[in-house]
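K.L.:
Note that numbering that gives the first Met the number 0 has the sequence shown beginning at 0, numbered continuously upward. Yeah, the Cβ is synthetic: ideal placement off N, Cα and C, and Gly gets one too. Pasting in a structure now, in structure tokens, and then I'll have a few things to ask.
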Amino acid sequence: MIPIVASLLGSLAQNGLGLLSSAIQAKGKQVVENTLGVKIPDNPTPEDVSKLRQLQFEHEERLMELGIEKAKMELAELDLLAKAAQSDADNVTDRWTADMASDSWLSKNIRPMSLIAIFTGYFVFAMMSAFGHNANESYVTLLGGWGQLIMGAYFAGRTVEKLAEMRKK
């Protein structure tokens with residue numbers, strides 16, 4: 000958001016012109032100015048605020064419609080994000096379910112083996128540190144990130160799989 004508009008929105012909201020501020024956020028300053036038929040100053044004086052308050056009162060219904068449009072756009076955006084997150088989670092669960100149904104030993108055991116490898120890496124770095132050998136910090140950080148990712152995916156994924164199995168029963 001342009002700093003001038005942000006300053007204007009803050010000033011309007013502070014002076015009790017929330018509808019006007021919301022409408023400007025939803026449709027832009029130019030559209031609201033055209034709707035009200037007036038130029039809205041970037042830094043309104045108390046006199047300007049008084050005039051804008053009167054205009055807000057006179058055009059309250061239209062400003063509310065603009066605010067509702069803004070809320071609908073935000074709701075639609077949140078809905079899309081929620082659907083994308085759900086689709087992503089479903090895809091991961093489907094992949095893991097397919098792995099478990101596979102005849103391949105490796106596909107069934109790759110997650111536990113990854114956990115074991117990460118724990119082994121932690122152990123090796125701990126032993127190196129105990130015997131006075133310093134490991135490169137970037138490797139330790141990388142291992143930590145992988146550990147968080149794999150442990151989170153493994154334990155959260157197993158929970159999701161078990162819940163899916165319980166639902167089927």
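Decide if Ala22 is buried, meaning its Cβ has at least 16 other Cβ atoms within 10 Å, or exposed.
P.N.:
Buried, since its Cβ has 16 or more Cβ neighbours within 10 Å.
K.L.:
Throw me the rounded Cβ distance for the Glu32 and Ile39 pair, which I believe falls under 8 Å.
P.N.:
That pair is a contact at about 6 Å.
K.L.:
If you check the beta carbons only, do Leu80 and Gln55 fall under 7 Å apart?
P.N.:
No, Cβ-Cβ distance for Leu80 and Gln55 is not below 7 Å.
K.L.:
Express the C-alpha separation of Gly27 and Pro111 in angstroms, rounding to a whole number.
P.N.:
For Pro111 and Gly27, the distance between alpha carbons rounds to 53 Å.
K.L.:
Within the same chain, show all residues whose beta-carbon is closer than 8 Å to that of Glu160, passing over the 5 residues directly before and after it, in chain order.
P.N.:
Within the same chain, Glu160 has close Cβ partners Thr92, Trp95, Thr96 and Met99.
K.L.:
For the alpha helix (DSSP H) containing Leu16, list its first residue and its last residue.
P.N.:
Segment: none, Leu16 is in no alpha helix (DSSP H) and carries neither H nor E.
K.L.:
How many angstroms separate the CA atom of Asn108 from the CA atom of Leu7?
P.N.:
Using only the alpha carbons, I get a separation of about 59 Å.
K.L.:
Tell whether a beta-carbon distance below 7 Å holds between Val37 and Asn14.
P.N.:
No. Outside cutoff.
K.L.:
Hey, out of Ser10, Glu57, Gln85 and Val30, whose CA is closest to Asn42's CA?
P.N.:
Cα-wise, what sits closest to Asn42 is Ser10.
K.L.:
Tell me the rounded alpha-carbon separation between Leu148 and Ser106.
P.N.:
Those two C-alpha atoms are separated by around 18 Å.
K.L.:
So, for Gly156: in the same chain, excluding its five sequence neighbours on each side, which residues have a beta-carbon less than 6 Å away from its beta-carbon?
P.N.:
Contacts found: Trp95.
K.L.:
DSSP three-state call for Asp78: helix, strand or coil?
P.N.:
Note: Asp78 maps to helix in three-state DSSP.
K.L.:
Which class does Gly248 belong to by DSSP, given the choice of helix, strand or coil?
P.N.:
The question about residue 248 has no answer here: the residues shown for the chain are numbered 0 through 168.
K.L.:
Check Asp41 in the structure and name its three-state DSSP category.
P.N.:
Reduced to three states, the DSSP call for Asp41 is coil.
K.L.:
Measuring only the C-alpha atoms, how far is Ser241 from Ala83?
P.N.:
There is simply no residue 241 to check, as the chain begins at 0 and stops at 168 in what is shown.
K.L.:
For Ile67, count neighbouring Cβ atoms within 10 angstroms of its own Cβ and tell me buried if that reaches 16, exposed if not.
P.N.:
Looking at its Cβ environment, which holds fewer than 16 other Cβ atoms inside 10 Å, Ile67 is exposed.
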